[in-house]
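In what follows, a single structure is set out as structure tokens and then discussed.
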Ligand SMILES: NC(=O)c1ccc[n+]([C@@H]2O[C@H](COP(=O)([O-])OP(=O)(O)OC[C@H]3O[C@@H](n4cnc5c(N)ncnc54)[C@H](OP(=O)(O)O)[C@@H]3O)[C@@H](O)[C@H]2O)c1
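In our numbering, the protein residues as written are 1 to 260.
Below you can see the structure in the form of structure tokens.
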């Protein structure tokens, strides 16, 4: 399988190239800010994009204009609503996979958050903390926002109404449904996320730590291999992991509760 990389000179791009070669793929095109976006589409089976929002938008606009049908795995974060709409538009005629976090464990955390939020029925205060390396440009991380959206969806709330991104000086008291975010940028932290459900008498924390960015590169290449076998459409990590995880979860809970 041949993979084109957008953001090839970046820290993630380098890891994607290594990971693709390790997985037996060929790297057909390496594109960065000095290249033409159209080079991405030459003689390739899939594109993996870890670049920046401007470059992702250029790529999507090129697809819409020229209708080139190459499946795209998009890992770039900090994308605007306009860019998300372009992605949806492209997915009408080509496979688009988007995830702000390509780690399988993060996908598992996302499922846990959905279940936990449904079961606790919004009676707990939710806070999301994330930490990343000093070079990360967007905040909070796309992953933290994805977690917030999952929790809001499970509680039947609109994310935009309940997300609280800043607290500084004298500020309004916490609202019941609020989802608070806090951010740290330092050193070379590959990625830490900690989600707290805080009640009056107890607290539940779900925490994930990425030890190396290689885990994201590995996940993106696996997603590309999976994506080329799918029909045109919009896919996320939930689609990628659903087939293996859902039957397992069903049988696990059946085992657990049959012993009660
Ligand atoms: N989804 C995930 O699992 C995950 C995990 C980690 C990171 N990320 C995200 O991946 C993205 C890249 O991270 P990084 O740490 O690798 O960043 P980085 O080191 O700053 O690399 C950015 C890359 O984008 C290229 N680029 C910038 N402007 C461009 C343009 N106009 N056209 C084409 N290419 C352009 C840069 O090329 P030049 O060298 O020519 O400037 C460089 O290759 C970020 O959004 C980050 O948050 C996602």
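Using N, Cα and C, we set each Cβ at its ideal position, and we do this for glycine too.
Residue i CB to nearest heavy atom of ligand 1 below 7 Å
i	result
residue 31	yes
residue 136	yes
residue 240	no
residue 97	no
residue 13	yes
residue 72	no
residue 122	no
residue 110	no
residue 48	no
residue 75	yes
residue 44	no
residue 52	yes
residue 105	no
residue 20	no
residue 101	yes
residue 200	no
residue 9	yes
residue 256	no
residue 41	no
residue 163	no
8 Å Cβ cutoff met for residue i and residue j
i	j	result
residue 130	residue 143	yes
residue 199	residue 127	no
residue 48	residue 220	yes
residue 147	residue 195	yes
residue 79	residue 53	yes
residue 217	residue 19	yes
residue 261	residue 5	Outside the shown range of the chain, which is 1 to 260, sits residue 261, and nothing can be said about it.
residue 51	residue 7	yes
residue 213	residue 66	no
residue 192	residue 209	yes
contact_flag[the segment 232 to 245, the segment 47 to 60] where n(CB pairs < 8 Å) is 3 or more = Segments in contact, no.
Touch check for the segment 160 to 177 and the segment 80 to 94: three-plus C-beta pairs under 8 Å?
-> no
With a floor of 3 residues, list each beta strand (DSSP E) that falls wholly inside the segment 124 to 174, ordered by position along the chain.
-> 125 to 132
Any 3 or more C-beta pairs closer than 8 Å across the segment 242 to 257 and the segment 92 to 103 = no
Segments assigned alpha helix (DSSP H), at least 4 residues, entirely inside the segment 205 to 260 = Taking 4 residues as the shortest admissible run, the segment 205 to 260 contains the following complete alpha helix (DSSP H) segments, listed from N- to C-terminal end: 214 to 227, 237 to 258.
Decide if the segment 23 to 31 is in contact with the segment 41 to 48; the criterion is three or more beta carbon pairs, one per stretch, under 8 Å apart.
-> With the cut-off at 8 Å, the segment 23 to 31 and the segment 41 to 48 touch.
Per the contact definition of three or more C-beta pairs closer than 8 Å, is the segment 175 to 183 in contact with the segment 102 to 121?
-> no
Given 8 Å as the limit, is there contact between the segment 155 to 162 and the segment 61 to 81, that is, 3 or more CB pairs closer than that?
-> no
Unbroken alpha helix (DSSP H) runs of length 4 or more, entirely within the segment 60 to 102: which are they?
-> 81 to 90
Within the segment 2 to 57, ranges of the beta strand (DSSP E) (whole runs, at least 3 residues) | 2 to 6, 26 to 31, 46 to 49
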